[in-house]
Structure formats: structure tokens, C-alpha cells
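So the structure is just underneath, and the comments pick up after that.
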Amino acid sequence: MPGPRTDERTPLSRSRWRPRHGTVVAYLALFLALGGTSYALTVTSRQIKNRSVRAIDVARNTLSGVEVNESRLSKVRTARRADTAGGADRAATAGTATRALSAGTADRATNADTLAGTAASDFVRSSRIASAGPVATTTASATLFTFPDLGLEVRTDADATAEGELTFVNTSTRELRVANTTLASGTPVVVPSVAGEIDAFVHERTTPGTAVLVRCGYDTPNLTCLAVRSR
């Protein structure tokens, strides 16, 4: 009789069960799902290649002033509205601006070196314009205008018989002329009205450009006058 059957294979020759790759992945996924633990991937600066992150890689409205160094940002070359700008439609301070509070050249400005290309010195200051009246000429003589630096006084004549006359008095030693007449110191010159108006131009002969224009309207018995000083 044949004896009992024996397995002649060695332990190394015996077949072993090996899990397939898909089975391992499935078990790993199941383990992670049951564990309930989330895993985050952290990327450091050393792992990012310089100049490799683009604007499209950054979510919108995620960067704030904390992440951005404002001092390293370039200045805006042009702007529609700015507090300070080299060129702007509207600016608080600008070299050239359409509208500015302070500007070297501006179409509209609170303070400007020029206005429509005209220097500020070409305009008459409001302090150089004076008005007087109505003043009655039938009462005692009244002083209408005084220009101490020019040495000139303009008064009413206080003559009830004349139709509106102005008296010009030189209170200095300057060489003044009025109505083509020398206005000597201490010697008044009377300028009468013509057709209800008085126009008198007073200037200093030794200082060209120093002058006063006096214009009055006479409505019996009152005079109403306006005086404009050149400088």
C-alpha cells in the first residue's frame, strides 16, 4: 500500500497571498474616511520657485495692507483725483491741473501763480479801489479820498453855487499833476463836473505808473465817486 501523501514543496516554494494595488488604495481611502481627520498641505517659501506665482493664482480680494508693503509700491503717474499729483484733473496741490487748490498753472485754482496766463501783479487789488458818497456839495467841505503815500487828498468844494466840483490837494512835496495841471503843494486845484460827471486823472511825474483815477457822478446836490489806485 502506498504510504501517506506528503507535500514535497519547501516553505519558500509555497504560494503566498499578496494584496493588489487597487485593494491597498481602497483600504487607505476607507481608513481616512473613517478616521475623520483632515490633512492640510503646507507649502513654504523655500518650496516655491521665485517669480513663479502669478496674479491668476491668487484669489481675488484676499491680499490686504498687512501682506503688502505700501512703501515699495510705485507712485501713480496720472490720476483723475489726487491730493498731490504732477498731473491730474483735480488735485489739492499740483504743478499742472484742470482744477486745483494750489497750482503753478491751472484752469481754475484758489491760489495760482497765473490766471489764464496773466500774472497776479497785472490785477488791481481790492484795497486799491475806494468809493465815496453820496455826499452833498452844499455843506462844509468833506474829504472823499486820502492817499497818504502819494500825498493826495480829494475833497468836495462846499460851494452851493457850483454844480459839483472836486478839490484836489497836494499834501506832500511830490510833483503831481491833475487834469493837465500841476498840483503844487498847498495849492488846491478845482475840477468841475461836465454834463453831470467828473473825470480826473492824477499822476506823479517822477514815478511813472503811480496814478489815481477819480470818477464821480453828480446828482444835485450830491456827488457819488469811485477812485482806483494803480499801485
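So for the sequence shown, the numbering used here puts the first residue at 7; every next one is plus one. From the three backbone atoms N, C-alpha and C, an ideal C-beta is built for every residue, glycine too. Being a predicted model, the structure only gives us computed values, none of them experimental.
Aspartate 163 and valine 196 do touch by the CB rule: their CB atoms are close to 6 Å apart, below 8 Å.
Distance from the CA of isoleucine 135 to the CA of serine 147, rounded to the nearest whole angstrom, comes to 22 Å.
Isoleucine 204 carries a strand assignment under DSSP once its states are collapsed to helix, strand and coil.
Per DSSP, reduced to three states, the secondary structure at alanine 35 is helical. Going by DSSP, alanine 190 is part of no beta strand (DSSP E) at all; its letter is neither H nor E.
Secondary structure of alanine 142 (DSSP, three-state): strand.
Taking 9 Å as the cut-off, the beta carbon of arginine 180 is found closer than this to the beta carbon of threonine 212. Residue pairing for alanine 136: DSSP places it in a beta bridge opposite Ala233. In this structure, the alpha-carbon of glycine 192 lies about 14 Å from that of proline 154.
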